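Everything on this sheet refers to the single structure shown next.
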Amino acid sequence: MEKIDFDTIPARVLNCSSRLLLGKLLNPEKKILSSDNYARDYRGLAEQMQFGFDDIRNFQRREDPTMKILEEWTVQPTATIGKLIQFLENMGRHDVIQDLQPRFENDAKVYLQQIEKSRESPLQVPEVTSCPSQSYQMNELNILTREDAFTGEPTYYDAYISYADEDIQFVYNLVQYLESNGFKVFIRTRDLLAGHSEYETNMQLIQERIWGWMI
């Protein structure tokens, strides 16, 4: 198999388990700086992502600062897994790169498979079991989630999770469990496409795209 060019893989494709492991490894604050004078924890990551001093202070107040940093950075169109790896190298966190390499590769393969599938299939989605009965032609009004934008197709979910911001860590653990068992779950902080009205989009998703249940 060809070597993956991580500079072409959007960082937004990182799944929950990858982000949780990054948080586990980068949340503990380190006193010694890297040879490039970056903090060797989430603060060095945020600095390289061009977050300001006040932003980093706000991240510090979070239960999982790395997760919040990734949420905000990965929506940027220039954010790639390749850049994330470079940031970690600049921080001297080769241990993190080694631990995350298999996950980076898996997330990238899933993304590339989705791209290949979208090339093979037309944008029109035919009627299928468990989906709305009408044919569905994608347009700007139908692109509601990040995966819609990736694939050009409407994304359907087994479950929708409603939650308060302070419960995000529990939610990510729940999502990791559900998705490891084959369920596709929608959570707004990860899946909602920027620029949409959260309330209206959530209502549309619940009415048209959620096959199973709400939590």
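By the count of UniProt numbering, the sequence shown reaches residue 215 at its end, each step adding exactly one.
Backbone N, C-alpha and C define an ideal beta-carbon position, used for all residues, glycine too.
If you're wondering where the values come from, they're calculated on a predicted model, not measured in any experiment.
Taken through DSSP and simplified to helix, strand or coil, Ala108 comes out as helix. DSSP places Tyr156 in the coil class of the three-state scheme, outside both helix and strand. In this structure, the beta-carbon distance from Ala11 to Lys83 falls below 9 angstroms. For Ile210, the enclosing beta strand (DSSP E) stretches over residues Ile210 to Met214. It is roughly 17 angstroms from the alpha-carbon of Met214 to the alpha-carbon of Asp165. Annotated three-state conformation of Thr74 is coil, per DSSP. Taking C-beta atoms under 8 angstroms as the contact rule, Glu105 and Ile4 qualify, at a distance of about 6 angstroms. When C-alpha distances from Arg57 are compared across Tyr42, Leu26 and Glu198, the shortest belongs to Tyr42. Take the alpha-carbon of Asn37 and the one of Asn27: they are about 18 angstroms apart. The three-state reading of DSSP puts Pro10 in strand, counting E and B together. Shortest Cα-Cα distance from Glu200 to any of Leu144, Asp167 and Phe183 involves Leu144.
By the Cβ neighbour-count rule, Phe186 is buried, with 16 or more other Cβ atoms within 10 Å of its own.
Secondary structure in the UniProt domain "Death" (41–104): the alpha helix (DSSP H) runs of 4 residues or longer, each lying completely within the stretch, are 42–48, 53–60, 65–73 and 81–90 in chain order. Taking a C-beta distance under 9 angstroms as the contact criterion, Arg146 and Arg103 do not qualify as a contact pair. Listed in chain order, the non-local C-beta contacts of Ile206 below 8 angstroms within the same chain comprise Tyr160 and Met214, local neighbours out to five positions each way being set aside.
Apart from the 5 residues on each side of it in sequence, Arg19 sits with its Cβ closer than 6 angstroms to the Cβ of Met67 and Leu70 in its chain, given in chain order. DSSP places Gly23 in the uninterrupted alpha helix (DSSP H) bounded by Cys16 to Leu26.
DSSP, reduced to helix, strand and coil, places Phe170 within a helical segment of the structure shown.
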